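Please read the structure below before turning to the comments.
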Amino acid sequence: MSTDHVKLGHLFAEIVSGHDVSRFDEIVAPGYVNHNPFAEPGPEGVKKVFGAIIAGVPDLKVFAEDVFVSADGTRVLGRYRYEGTHTGNFLGYPATGNAFAMRSIDIFGWSRTDVLSSTGTSSTHLDSFSQVGAVPPLGQPS
């Protein structure tokens, strides 16, 4: 198990919390594939999607709650918590001023050069959109 991979899992949270999307060049491979429907491939896709999220949630902070490395060292699993206030355009939804918190579980693939080669994400997007007021809470009419 590489401690460098664990550090890179924490660096992801640091980069997003610091709002400097240009730093994704440090950890994202040119051929990177993100399986999130909001993200285009490659470093520019990561920068674009996180830039849009940060524009809508300018106080966004991400916390790495757990980071694990697979037994063969080729994948990292990170459990992250996102918190912020919806004060800007959030992926097409106008500002509501509502605070929100969401969690994600990301499985990162690492290339031989210790940069992200792919990501699969499971997150609570619906809950986040409900918290910011973009969609009604489950069980309530729109």
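If you use the numbering used here, the sequence shown corresponds to residues 1030 to 1171, in order.
Virtual Cβ for every residue (Gly too), placed ideally from N, Cα, C.
None of these values were measured; they are calculated from a predicted model.
Item to check | Straight-line gap, V1045 to G1113 (C-alpha atoms, nearest Å) | outcome: Mapped onto the sequence shown, residue 1045 falls at position 16. Mapped onto the sequence shown, residue 1113 falls at position 84. For V1045 and G1113, the distance between alpha carbons rounds to 12 angstroms.
Item to check | Nearest-angstrom Cα separation, counted from N1063 out to S1151 | outcome: One-based indexing of the sequence shown puts residue 1151 at position 122. One-based indexing of the sequence shown puts residue 1063 at position 34. Low confidence applies here, because S1151 scores a pLDDT of 46, under 50, leaving its location unreliable and the question unanswered by this model.
Item to check | Identified DSSP bridge partners for A1130 | outcome: Within the sequence shown, residue 1130 is the residue found at index 101, counting from 1. Answer is E1112.
Checklist entry - Closest by CA to E1073, which one among S1051, P1066, I1082, D1088? => result Against the sequence shown, residue 1073 aligns to sequence position 44. Of the candidates S1051, P1066, I1082, D1088, the one whose C-alpha sits nearest the C-alpha of E1073 is S1051.
Checklist entry - Can you give the Cα-Cα distance for Y1061 and F1079, rounded to whole angstroms? => result The residue given as residue 1061 occupies position 32 in the sequence shown. The residue given as residue 1079 occupies position 50 in the sequence shown. Each residue's alpha carbon lies about 15 angstroms from the other.
Next on the checklist: Restricting to runs no shorter than 4 residues, where is the alpha helix (DSSP H) found entirely within the segment 1042 to 1110?
Outcome noted: 1071 to 1085
Item to check | Rounded straight-line distance, which links the Cα of G1085 to that of I1056 | outcome: What you label residue 1056 is simply residue 27 of the sequence shown in a count that begins at 1. What you label residue 1085 is simply residue 56 of the sequence shown in a count that begins at 1. One C-alpha to the other measures close to 24 angstroms.
Checklist entry - the ligand PLP heavy atoms versus the CB of F1137: any closer than 7 angstroms? => result Because no ligand of any kind appears in the structure shown, any question about the ligand PLP cannot be addressed here.
Item to check | Distance, L1106 Cα to S1099 Cα | outcome: Start at 1 with the first residue of the sequence shown, and residue 1099 comes out as number 70. Start at 1 with the first residue of the sequence shown, and residue 1106 comes out as number 77. When rounded, the distance between both Cα atoms is 8 angstroms.
Next on the checklist: Among G1038, G1071, L1089, A1068, whose alpha-carbon lies nearest the alpha-carbon of M1131?
Outcome noted: As a working note, residue 1131 is residue 102 in the sequence shown. For the residues G1038, G1071, L1089, A1068, the minimum Cα distance to M1131 belongs to L1089.
Checklist entry - Per DSSP, what kind of secondary structure is G1138 in: helix, strand or coil? => result Position 109 of the sequence shown, counted from the start, is the residue given in the question as residue 1138. In the structure shown, G1138 sits in a strand (DSSP, three-state: E or B).
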